[in-house]
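Protein chains in written order, with the numbering used here: chain A, 1 to 472; chain B, 1001 to 1472.
Please read the structure below before turning to the comments.
Number of protein chains: 2
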Amino acid sequence: MTPDNLIPALRDIVGAANVLTDDDCAEYESDWRQRVRGKALCVVRPGCTAEVAAVVRACAQAGVSIVPQGGNTGLVEGSVPDASGEQVILSLRRMQTVRAIDAANMTMTVDAGCVLRSLQDVASEAGMLFPLSLGAEGSCTIGGNLATNAGGTQVLRYGNTRELCLGLEVVTAQGEVWSGLTGLRKDNTGYDLRDLFIGSEGTLGIITGATLKLFPRPAAVMTALAACDTLAQCVGLLGLAQARLGAGLTGFEVMGRFALELVAKHFPQLQQPLPAASWMVLLEQSDGESETHARALFESLLEQALEQGLIGDAAVAENTTQSHALWHLRESIPLAQAEEGLNIKHDIALPVSRIPDFVEAIDAALRAGFPGVRLVNFGHLGDGNLHYNVQAPEGAAAADFLARHEHAVNTLVYDAVLAHGGSFSAEHGIGSLKCDELAQRKSPVALQMMKAVKQALDPHNLLNPGRVIRLG
Amino acid sequence: MTPDNLIPALRDIVGAANVLTDDDCAEYESDWRQRVRGKALCVVRPGCTAEVAAVVRACAQAGVSIVPQGGNTGLVEGSVPDASGEQVILSLRRMQTVRAIDAANMTMTVDAGCVLRSLQDVASEAGMLFPLSLGAEGSCTIGGNLATNAGGTQVLRYGNTRELCLGLEVVTAQGEVWSGLTGLRKDNTGYDLRDLFIGSEGTLGIITGATLKLFPRPAAVMTALAACDTLAQCVGLLGLAQARLGAGLTGFEVMGRFALELVAKHFPQLQQPLPAASWMVLLEQSDGESETHARALFESLLEQALEQGLIGDAAVAENTTQSHALWHLRESIPLAQAEEGLNIKHDIALPVSRIPDFVEAIDAALRAGFPGVRLVNFGHLGDGNLHYNVQAPEGAAAADFLARHEHAVNTLVYDAVLAHGGSFSAEHGIGSLKCDELAQRKSPVALQMMKAVKQALDPHNLLNPGRVIRLG
């Protein structure tokens, strides 16, 4: 096998209709943010695990590297090929079978190409909850969620994608199938290969299926908005809500004043139910009993927060429509930012306790270093995860500002993140975009172990080379 | 450095008082079940992470392998040396510092040698809960819990030790320190080294510290006992309790009739509050609101279970004393078994949905194959984890029975476990005891990946050789 006769071999495996070349590859070759465009040798779309394995073996024989791709909604340029025209995109999107639902075991076993929202629906139809929820849920795939250990809005209660997965099926770099589709809550038979593949962004193996946890559907879900003067008050409110609601607290999002001003500017039709404050917190409570019970508990919590001076004002959504409107406000922030122009995104995590100090220090440093800069700060405060984004000064040419300052801004932010015990990639992963950051900022001991693992499992650097960790 | 001058070198590192030889090693050389006794070159007791690293480097230079040891309460012969007299036991027990508690972040950072119960107490004194709980909690160490990914009675709600850990500090096989003590809920910067070390039983690195999750302390904890005629009813009760209580269901233990008969025989002073039934379920509910709220919810659940014919009888503990008495019954089963004589233990996990069929089939097969055999079945049904143990026939010489039949019994049980999609080691790990089972029963693809990872991180097979996976 050589690269020249690889395409015919792939057509033999998956059928000619499922090997795309030339212009047919276009939608697979650029990333969701439209920041990069690669050039693939071809796109291959296997329909089952055995075909994935055969494709990997053929590529391995030809010495051609593979870029696995799910919904291609990633934000770190991890699922598009380089510009060489020599990489094969392996799209999992045709693999969309829900293989099994085990209600008594509260699990479902699914193909990697299933779209996240369809899995939420499948769980719901079975009377249960699959809680993973994030902006791209209408088009991202569960395989991509697993490969990037996606986070989202329910992590506070249910964990990242990692915590939602009990078992995996993976095609190795050797084109073998590891059948690890267990629905077990306890299994201590050897090294944790499952979690090694989760979050490895397609560089160690190709996830083809998963057994996922399901949860009881709450009897009622309540949403509230609360206004705080300071981030320290937001953190105080989080502690109070955790103590009062325990696992009933399923969402705790924070939105800075300027983030909501951008929403008001670009989406004036969206109602903002409370007068502007420095910080707005979106709380979500899930209750196993009833809406009456949930509302009483929620209102009692907010009253206590008012009494303790943690919040200045609050509004509880009266119905599902109001609840959706509150979430829609939150979800409109990235879109409002895009409307406002190019910006620099930081997906960071910190210990919750250190967030107020961090934000105060870094806000001041950015404003001093880059006068006029506008700071868009929002995110999953319950998990310590902020989307701390930097918008060019009003009236400045954003592209020019980014070209001149993006690197310096990133350095300033990421240095401060690490100094505060944080992470420079909370839920978006590394991909190509943050490869240099990883090489510079991860400890040499960790990098050495990562390289050793990569070389052990993918010795010919066949799978998504140049992503996450660069060898050599 | 040679083996001959290693002991003086170790004395230089940790002080002469912390290098034990000859008879002083005895308590470290045999396992908790007193099934094996090894012979160590010495026991070395470092007092800090830097000393652990220096000890590993010295042993590596001398080509002497290391057996890491915490509380030495494991059940699979994983923390005692072989009989060669050439291995060094590295005991973490002197490292008992609680390095930090971060209340707002709900984390604590601790040394690996901290005893589990002391960490429960530290969390409690800080007004929070560290939920890991298991029989050996008075003497096991958190490092050992992490190295074996220990389970216990609260997994249903809070997960295994793996799910309770956010960050690790590890000394590698090269004697370097990986400082991964993050308190972050989200961190996607490279491969999941943390979970690779957790559950690797000291074969990939030596865990020296950890950052652990804390939880809000429940306002009330309730306990109940319920009687079921069949295991299918127990599974039905589990589903109902999960639907009604959600995350409030923090314990769901099952006890077979013969297991409780053994308790009655050997501990007649322990009251059994319900008339004997085929199966007793111990339910625990944790409530964030109040005892009044908890009791009303619990009683409503049990009434519904009675109406649905899932249970025949039930008793809710009226106070903490009664609650402890119910747990004491459950915890007395292993001790009653030991009083009854030698037995064959199986720590298995199955999808909850398959447990009734599995137990019916395997009970019949064992009774047919080994007439008179007595089956002690109990465990964490909420996690699908059974301690399915086999006691010799009444009046038979137990040692003789085990010598003749243990292997055949194991084969029969483990074959059936795998046929039902289960695990032959749910929460006890592999150690030396189940190494052959792992080699025979794990898929060749998984074994090959495990070997590759072991060779990548510990190329000279220095750390706990012969445990978990055998090379070559």
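Quick reminder that beta carbons are idealized off the backbone N, C-alpha and C, glycines included.
{"query": "Can you tell me the Cβ-Cβ gap for Gly-1288 of chain B and Gly-309 of chain A, rounded? I've got them flagged as a contact below 8 angstroms.", "result": "Wrong, their Cβ atoms sit about 23 angstroms apart, outside the cutoff."}
{"query": "First and last residue of the alpha helix (DSSP H) that includes Lys-213 of chain A?", "result": "Taken as a continuous stretch (DSSP letters only), Lys-213 of chain A belongs to no alpha helix (DSSP H), being part of the beta strand (DSSP E) at 205-213."}
{"query": "Within the chosen definition, does the stretch 450-470 of chain A reach the stretch 1450-1460 of chain B through at least 3 CB pairs nearer than 8 angstroms?", "result": "yes"}
{"query": "Looking at C-beta atoms only, is the number of pairs between the stretch 337-350 of chain A and the stretch 312-325 of chain A that lie closer than 8 angstroms three or more?", "result": "no"}
{"query": "Apply the 10 Å Cβ neighbour rule to His-387 of chain A and answer buried if 16 or more other Cβ atoms are within range, or exposed otherwise.", "result": "buried"}
{"query": "Excluding the five sequence neighbours on either side, which residues of its own chain have a C-beta within less than 6 angstroms of the C-beta of Pro-1068 of chain B, listed in chain order?", "result": "Leu-1090, Gly-1202 and Ile-1206"}
{"query": "Assuming Leu-1193 of chain B is part of the alpha helix (DSSP H), what are its boundary residues?", "result": "1193-1197"}
{"query": "Less than 6 angstroms between C-beta atoms, sequence neighbours within five positions excluded: which residues of the same chain meet that for Met-1106 of chain B?", "result": "Leu-1214"}
{"query": "So, helix, strand or coil for Arg-157 of chain A, using DSSP?", "result": "helix"}
{"query": "Look at the alpha carbon of Asp-1024 of chain B and the alpha carbon of Asn-1018 of chain B, and state the distance between them as a whole number of angstroms.", "result": "11 angstroms"}
{"query": "Less than 8 angstroms between CB atoms is the rule here; does Tyr-1191 of chain B satisfy it with respect to chain A?", "result": "yes"}
{"query": "Beta strand (DSSP E) containing Ala-17 of chain A: first to last residue?", "result": "Run containing Ala-17 of chain A: none; DSSP gives neither H nor E here."}
{"query": "What span of residues does the beta strand (DSSP E) with Asn-385 of chain A cover, start to end?", "result": "385-391"}
{"query": "Using a beta-carbon distance cut-off of less than 9 angstroms, what residues from the stretch 172-196 of chain A approach chain B?", "result": "Thr-172, Gln-174, Glu-176, Val-177, Trp-178, Ser-179, Gly-180, Leu-181, Thr-182, Gly-183, Leu-184, Arg-185, Lys-186, Asp-187, Asn-188, Thr-189, Gly-190, Tyr-191, Asp-192, Leu-193, Arg-194, Asp-195 and Leu-196"}
{"query": "Any idea if Glu-1253 of chain B is buried or exposed, counting beta-carbon neighbours within 10 angstroms, 16 or more meaning buried?", "result": "buried"}
{"query": "So what's Leu-948 of chain B in DSSP terms, helix, strand or just coil?", "result": "Nothing about residue 948 of chain B can be read from this structure; chain B reaches only from 1001 to 1472."}
{"query": "Following the continuous beta strand (DSSP E) through Ser-1091 of chain B, name the residue where it begins and the one where it ends.", "result": "1087-1091"}
{"query": "Please state the DSSP three-state secondary structure of Leu-1342 of chain B.", "result": "coil"}
{"query": "Considering just the uninterrupted stretch of the beta strand (DSSP E) at Leu-1375 of chain B, what are its terminal residues?", "result": "1374-1380"}
{"query": "Could you round the C-beta distance between Leu-1006 of chain B and Ala-1040 of chain B to whole angstroms and report it? I think they count as a contact, below 8 angstroms.", "result": "Incorrect: roughly 12 angstroms between the Cβ atoms, too far for contact."}
{"query": "Closer than 7 angstroms by beta-carbon distance: list the chain B residues that pair up with Phe-424 of chain A, in chain order.", "result": "Thr-1189"}
{"query": "Looking at Asp-31 of chain A and Glu-86 of chain A, is the spacing between their C-beta atoms short of 8 angstroms?", "result": "no"}
{"query": "Taking its Cβ as the centre, do 16 or more other Cβ atoms sit within 10 Å of Thr-321 of chain A, making it buried, or is it exposed?", "result": "exposed"}
{"query": "Look up Cys-1228 of chain B in the DSSP assignment and say whether it is helix, strand or coil.", "result": "strand"}
{"query": "For Gly-429 of chain A, which option in A:Thr-148, A:Ala-220 and A:Leu-447 has the closest C-alpha, if you only look at C-alpha atoms?", "result": "A:Thr-148"}
{"query": "Going by the CB atoms, is the gap between Val-445 of chain A and Val-1056 of chain B shorter than 8 angstroms?", "result": "no"}
{"query": "Would you say Lys-442 of chain A reaches chain B, if we count a Cβ-Cβ gap shorter than 8 angstroms as a contact?", "result": "yes"}
{"query": "Please compile the residues from chain A whose C-beta is within a distance smaller than 9 angstroms of the C-beta of Gly-1199 of chain B.", "result": "Asn-188, Gly-190, Tyr-191 and Asp-192"}
{"query": "Give the straight-line distance between the Cα atoms of Gln-1061 of chain B and Leu-1204 of chain B, rounded to the nearest whole angstrom.", "result": "17 angstroms"}
{"query": "Is it true that the CB of Gly-38 of chain A sits closer than 8 angstroms to the CB of Asp-4 of chain A?", "result": "no"}
{"query": "For Met-222 of chain A, would you say it is in contact with chain B, using Cβ-to-Cβ distances shorter than 8 angstroms as the test?", "result": "no"}
{"query": "So, under 8 angstroms CB-CB, Ala-1277 of chain B and Arg-1257 of chain B are touching, yes? Tell me the CB distance rounded to an integer number of Å.", "result": "7 angstroms"}
{"query": "Output needed for Glu-284 of chain A: all residues of its chain with C-beta closer than 6 angstroms, excluding positions within five of it in sequence on either side, in chain order.", "result": "Thr-223, Thr-250 and Gly-251"}
{"query": "Below 6 angstroms CB to CB, which residues in the same chain sit around Ile-344 of chain A once its five sequence neighbours on both sides are set aside?", "result": "Val-390, Glu-406 and Val-409"}
{"query": "Which class does Phe-252 of chain A belong to by DSSP, given the choice of helix, strand or coil?", "result": "strand"}
{"query": "Using a C-beta cutoff of 8 angstroms, does Thr-1141 of chain B count as contacting chain A?", "result": "no"}
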